[in-house]
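K.L.:
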Amino acid sequence: MAQDTRHSGAQKGHAMKDILQELSERRGAARLGGGQKRLDSQLAKGKLSARERIELLLDEESFEEYDMFVTHRCTDFGMENQKPAGDGVVTGWGTINGRMVYVYSQDFTVLGGSVSATHAKKICKIMDMAMQNGAPVIGMNDSGGARIQEGVDSLGGYGEIFQRNIMASGVVPQISMIMGPCAGGAVYSPAMTDFIFMVKDTSYMFVTGPDVVKTVTNEQVTAEELGGASTHTKKSSVADAAFENDVEAIAEVRRLIDFLPLSNRQKPPVRPFFDDVARVETSLDTLVPDNPNQPYDMKELITKIADEGDFYEIQADFAGNILTGFIRLEGQTVGVVANQPLVLAGVLDIDSSRKAARFVRFCDAFEIPILSLVDVPGFLPGTTQEYRGVIKHGAKLLFAYGEATVPKVTLITRKAYGGAYVVMASKHLQADVNYAWPTAEIAVMGAKGATEIIHRADMADADKIAQHEADYNERFANPFVAAERGFVDEVIQPRSTRKRISRAFAALRSKKQTMPWKKHNNIPL
Amino acid sequence: MFNKILIANRGEIACRVIKTAKKMGITTVAIYSEADKNALHVEMADEAIHIGPPPANQSYIVIEKVMAAIKESGAQAVHPGYGFLSENSKFAEALAAEGVAFVGPPVGAIEKMGDKITSKKIAQDANVSTVPGYMGLIEDADDAVKISNQVGYPVMIKASAGGGGKGMRIAWNDEEAREGFQSSKNEAANSFGDDRIFIEKFITQPRHIEIQVLCDSHGNGIYLGERECSIQRRQQKVVEEAPSPFLDEATRKAMGEQAVALAQAVGYASAGTVEFIVDGAKNFYFLEMNTRLQVEHPVTELITGVDLVEQMIRVANGEKLSITQDDVTLTGWAIENRLYAEDPYRGFLPSIGRLTRYRPPAETAAYTPGVAAGDAGDVVVRNDTGVFEGGEISMYYDPMIAKLCTWAPTREKAIEAMRVALDSFEVEGIGHNLPFLSAVMDHPIFIKGEMTTAFIEEQYPDGFAGVDLPEADLRRIAAASAAMNRVAEIRRARVSGRLDNHERKVGDTWNVTLQDTSFDMTIAADKVGSTVTFEDGTAMRVSGNWTPGDQLANMSVDDAPLVMKVGKVSGGFRIRSRGADLTVHVRTPRQAELARKMPIKVAPDTSKLLLCPMPGLIVKVDVEEGQEVQEGQALCTVEAMKMENILRAERKGVVSKINAAAGDSLAVDDVIMEFE
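As structure tokens, then:
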């Protein structure tokens, strides 16, 4: 018996070695994706492989892969003879600077990265885990689209992913990187995530491609023009930023993750910082020019307020009249929304309202405090705006600010006119701390327009009108009328802005605000 | 002594004069135009009087306005600085009529030295060496040879009506003089329809060297050594130094004595400058006399310890000079670099705008005008400036915004101190010539002191395109960048919310790429710094207290200082040092390997169209069809939302077609103009 046992043990040992050998071989095969030839062609297009991308995204040696051996179950059109391990997508989790993220990376070298039922299931699996365990999902998209051989199974797969995007929205941050083609129904998964980043020259997104466009509308357009990085960052605003290549795009997503909380159950991250909280910037005293019609760069204010001058801008190339992005104050993430006088005088219009509203809602969903820097002459007038519904789009920003319960600190640097004053995180929308610089002008409109209405009778008399205008300016071109009413909590010195704003947010760290119970609100979409 | 002095100037020189006046206990009055109401000189002065709109010809140089300000303030004396009214005899007369002291020479001296022909005549009479030449008409080739011999070869044969090199010949002997005369004459006849020719001495390897003189109204006069000002761009001085690396004691003495003789010949009483041109054989010739305080006076102050502004004020007050020629000793070496708001990468076009950052290097704490430099230690840094962070550089005045000076016991050390000072000088928001100045400080011809007035023209014939650093410098920067990046990476890995026990470990092996060069290295940090070991086994010791966000890194590599301006770049730093502007990537070996696989993108062919970036009204078109424009040049102004936006050329080009005119209302992406 004893000998038998020994024998059997020896046999078992031998079998284990074989098993380990097989595991190693299977892993090796899976890791090769679509094979060297296809990997070379991927590289020739300027694209890294699915696994190289994951390697760059995650901390060294931190990737834990799941479902490496998953294969599809399709038996039509000869698919039964083509069963690559992993089925065209690499999934799992790892860390970015030690913090957990879930990740999927589509492998264009395996069946064109096409989405089958099992491919979709792999993505759904890590999305479920992400929601349950509270960690962001980063999707790296590089796929030819639906696995046509599978028909409705593939479509069903997309649907399952969409549903999870919806469920995860507001629970964990979802980031989409478009690193190759992303067409047809496939675009709707990224569309529902929080941020979309594209790679210049190698990625495109559209609902219908150039061929169909040509057939249906007779429009001649290239894939790049129709859905390239430039189109989506500058024209459509579908994408939040575009980067030169895979390496840069991935590095910048790592940088973004450092700003974001892992889920809505956690506070935004805090990082050691090397900056003086009370840093005085005397140059801010002269930021607002003497001439009220002269623009200045609001980015200078943002970078001079921020820890270490670091500003992560979102949608930098779209609706430049408003700036959105993340900074840190005392190492803590703060979302910034700022009118940009350098572009269209910082006016609110359809595009800037939509851009800022979505950003404010992201911040509120993930407990990121919001800093609003205001220099706004009003809403952009004109038929183009009205016909396209500036009323409802403008209302989105108003709604988003009003429903946000995160700490809200507002600083008016110069103009805060009319309805736009109310919209830009005014005291009336439950902003917590509202500051103004001495240069602030809070009024229904500029002095000239106001005078022409109030003193219509004197319009013929230029001297009188000039006097009225001067009187109006005297009365309202300052922050003190608003301060007298408590709409502005304090008029602050520009040079001490960083200290004052940091202290305001510090005081709000334990803020709790509840809204009336509702199933959900009905924001004017 | 005067109780109150008005400074009829602006910018750095007004600030400079105010400093000394304050030291002397004199109340100061500034004048300012509309554009200067927040300027530094206004801030520094005890009183300030507004004198009109921004253009100088409506404010600073309007004698009546300045006189009114003097009356209003009750100032007893006026220092005119340089430029503006400093050499205006009418202004000096107006002051005299009011009984206000002019801190400058007597009216007569200004008038006599203000005219080139008169001053040359006076100089000749005072036995001051002038450029030999023959002003009369030259009859024929024989005559030309005769005159050339009188003048002495080499000679320049010039057309009276000449210009742009046409009708100009250099002759080294009789034969060339004969030929040159004939061809100049023909060329002049053809080009200008005027074949008159004259001949003067051709100055080989010309240098611009000037003598500082100081005279009182009691007949005393001294010279305070020379200043070498050969490095000029289009007659604009860029770098000056004192003493000149070229002069010997005998030449200095001869020049100095002639300069004093000239000053005394016109009854000079104040500080003044006699400019000479000096050839390769140390022959010197009088050019002109500047009857005012010179821009580059600080280098003289640094090597003599004399506060020239104080001396000027005392002389104006009727005092006798308290120093004699024997008291004047030249100690050590001083260099001045002029910081201009001009973009060297864009053909030195003036650049205006807001100084979003302006941090000059720390001045030597002990420095006060008039204190002998040598007393202050081994190195002196002095920065005469008229601007401040957050200030505006306007289009109305001189683009010079600061004069950075260093002093050290030797020229070599003064240059090295200047290199570090330039690297430490932070200027953002406008284009400026700091990189160019750094390049000059590292130029072998400058280092050897062999520059002539043609230096910039000859060494930078196609303009300035930045500096390519030698590998030794790249290694130092790479090592420092790796050490800095390690600090940043360790901080990144300390973000909250980490997965316990599964933290990121920041590695020791890194790859640094910069200026198309790649270095693999290992970094070992200890308590006081890091040792960076390159692939080839060479090691460098790096230390410094840089932390993320610092825009200036004061590092030390192998015990030599390395000062770098540090900016943000994805995956690394933007480093500016020694005139180079580098994108430095610091990556793990694996990241670097994958980064190398990325396609190299050729810069996209920027569109040859200028599109309207916003719906708006064209207010002004600044260029014409066929005009060549420089990168950054203003093309037109579009008004939108009552704001004026200036559209600028993205690169050098020629305007081929203009589709819009002032008053046109345009939509987004309408074509405003096209380029060839």
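As they're listed, the protein sequences go chains A and B.
All the letters of the first sequence, read from the start, carry residue numbers 1 to 525 under UniProt numbering.
All the letters of the second sequence, read from the start, carry residue numbers 1 to 676 under UniProt numbering.
Don't be surprised by glycine CBs; every beta carbon is placed ideally from N, CA and C.
Note that this is a predicted model, so its numbers are computed, not measured.
Establish whether the CB of B/Q264 and some CB of chain A are separated by less than 8 Å.
P.N.:
Not closer than 8 Å to any Cβ of chain A, the Cβ of B/Q264 fails to qualify, so no.
K.L.:
Please state whether the Cβ-Cβ distance between B/R207 and B/E228 is less than 8 Å.
P.N.:
Result yes, Cβ atoms of B/R207 and B/E228 sit closer than 8 Å.
K.L.:
Where are the beta strand (DSSP E) runs, 3 residues long or more, that stay fully inside the segment 276-318 of chain A, in chain order?
P.N.:
Complete beta strand (DSSP E) runs here, min 3: 312-314.
K.L.:
For B/A389 and chain A, any beta-carbon pair shorter than 8 Å?
P.N.:
What sits at residue 389 of chain B in the sequence shown is Glu, not Ala. Yes, B/E389 counts as interfacial toward chain A.
K.L.:
Could you tell me whether any Cβ in chain A is nearer than 8 Å to the Cβ of B/Q76?
P.N.:
B/Q76 does not count as touching chain A.
K.L.:
Under 8 Å between C-beta atoms, does B/P106 make it to chain A?
P.N.:
By this cut-off, B/P106 is not an interface position.
K.L.:
Starting from the beta carbon of B/T547, find every residue of chain A whose beta carbon is closer than 8 Å, and list them in chain order.
P.N.:
Within chain A, the residues near B/T547 are F274.
K.L.:
For B/G571, return the contacting residues in chain A, with the cut-off set at a CB-CB distance below 8 Å.
P.N.:
Ordered by position in chain A, the residues that pass the 8 Å Cβ test against B/G571 are V247, E248, A251.
K.L.:
For B/V619 and B/I658, what's the separation of their Cα atoms in angstroms?
P.N.:
Looking at the two C-alpha atoms, the distance is approximately 14 Å.
K.L.:
I'd like to know whether the C-beta of A/G46 is nearer than 8 Å to at least one C-beta of chain B.
P.N.:
Yes, A/G46 counts as interfacial toward chain B.
K.L.:
Looking at the secondary structure, which residues open and close the beta strand (DSSP E) in which B/D384 lies?
P.N.:
That run of the beta strand (DSSP E) goes 380-385.
K.L.:
Is the segment 39-53 of chain A close to the segment 75-82 of chain A, with three or more CB pairs under 8 Å?
P.N.:
The segment 39-53 of chain A is not in contact with the segment 75-82 of chain A.
K.L.:
Are the C-beta of A/E308 and some C-beta of chain E separated by less than 8 Å?
P.N.:
Note that chain E does not occur in the displayed structure, where the protein chains are A and B.
K.L.:
Would you mind telling me which residues of chain A sit closer than 7 Å to B/L594, beta carbon to beta carbon, in chain order?
P.N.:
The answer, in chain order, is L48, E52, L56, V247.
K.L.:
Within 10 Å of its beta-carbon, does B/G219 have 16 or more other beta-carbons around it, so buried, or fewer, so exposed?
P.N.:
Flag for B/G219 reads exposed.
K.L.:
Taking 8 Å as the cut-off, does the segment 280-299 of chain B touch the segment 142-159 of chain B (at least 3 CB pairs, one atom from each stretch)?
P.N.:
With a cut-off of 8 Å, the segment 280-299 of chain B and the segment 142-159 of chain B do not count as touching, because too few Cβ pairs lie within range.
K.L.:
Run through DSSP, which three-state label would B/R252 get?
P.N.:
In the structure shown, B/R252 sits in a helix (DSSP, three-state: H, G or I).
K.L.:
At a CB distance below 7 Å, what residues from the segment 34-50 of chain B approach chain A? Give them in sequence order.
P.N.:
So the close ones are N38.
K.L.:
Using a Cβ-Cβ distance cut-off of 8 Å, determine whether B/L499 contacts chain A.
P.N.:
B/L499 counts as touching chain A.
K.L.:
Strictly below 7 Å CB to CB, what residues from chain A border B/R578?
P.N.:
Correct list: empty, because the minimum Cβ distance to chain A is about 24 Å.
K.L.:
Taking C-beta to C-beta, are B/I313 and B/V107 nearer than 8 Å?
P.N.:
Contact flag unset, no.
K.L.:
Just verifying my parser: in three-state terms, what is the DSSP assignment at B/K505?
P.N.:
Note: B/K505 maps to coil in three-state DSSP.
K.L.:
Out of B/V440, B/K146, B/D520, B/D378, which has the shortest C-alpha to C-alpha gap to B/E176?
P.N.:
Closest by alpha carbon: B/K146.
K.L.:
Bridge partners for B/Q212 per DSSP, in chain order?
P.N.:
Paired residues: B/T273.
K.L.:
Let's test the definition: count the other Cβ atoms within 10 Å of the Cβ of A/R164 and tell me whether it reaches 16, buried, or not, exposed.
P.N.:
With 16 or more other Cβ atoms within 10 Å, it is buried.
K.L.:
Which of the three DSSP states, helix, strand or coil, is assigned to B/R207?
P.N.:
Strand.
K.L.:
Whole angstroms is fine: what's the gap from A/G9's alpha carbon to B/V506's?
P.N.:
Confidence is the limiting factor: at A/G9 the pLDDT is only 48, short of 50, which leaves the residue's position unreliable and the question unanswerable from this model.
K.L.:
Have a look at A/E403 and B/N645 and give me their C-alpha separation to the nearest angstrom.
P.N.:
Approximately 36 Å, taken between the alpha carbons.
K.L.:
Does the Cβ-Cβ distance between B/V495 and A/D258 come in under 8 Å?
P.N.:
Their beta carbons are under 8 Å apart, which means B/V495 touches A/D258 by this criterion.
K.L.:
Can you tell me whether DSSP reads B/N57 as helix, strand or coil?
P.N.:
The answer is helix: DSSP assigns B/N57 an H, G or I state.
K.L.:
Around the Cβ of B/A373, are there at least 16 other Cβ atoms within 10 angstroms (buried) or fewer (exposed)?
P.N.:
For B/A373, the pLDDT reaches just 49, beneath the cut-off of 50, and the residue's location in the model is therefore unreliable, leaving the point undetermined.
K.L.:
Spatial neighbours of B/Q551 within its chain, please: CB distance less than 8 Å, with the 5 preceding and 5 following residues excluded, ordered by chain position.
P.N.:
Closer than 8 Å at the Cβ level, and outside the excluded window around B/Q551, lie R357, E426, K565, V566, G567.
K.L.:
According to DSSP, which residues form a beta bridge with B/K201?
P.N.:
Beta-bridge pairing links B/K201 to B/V155.
K.L.:
Checking contacts by CB at 8 Å: is B/E625 closer than that to chain A?
P.N.:
Not one chain A Cβ lies under 8 Å of B/E625.
K.L.:
Under 8 Å, do A/F379 and A/V390 count as touching if we go by C-beta distance?
P.N.:
Yes.
K.L.:
Closer than 9 Å by beta-carbon distance: list the chain B residues that pair up with A/T282, in chain order.
P.N.:
Chain B residues near A/T282: F388, E389, G390.
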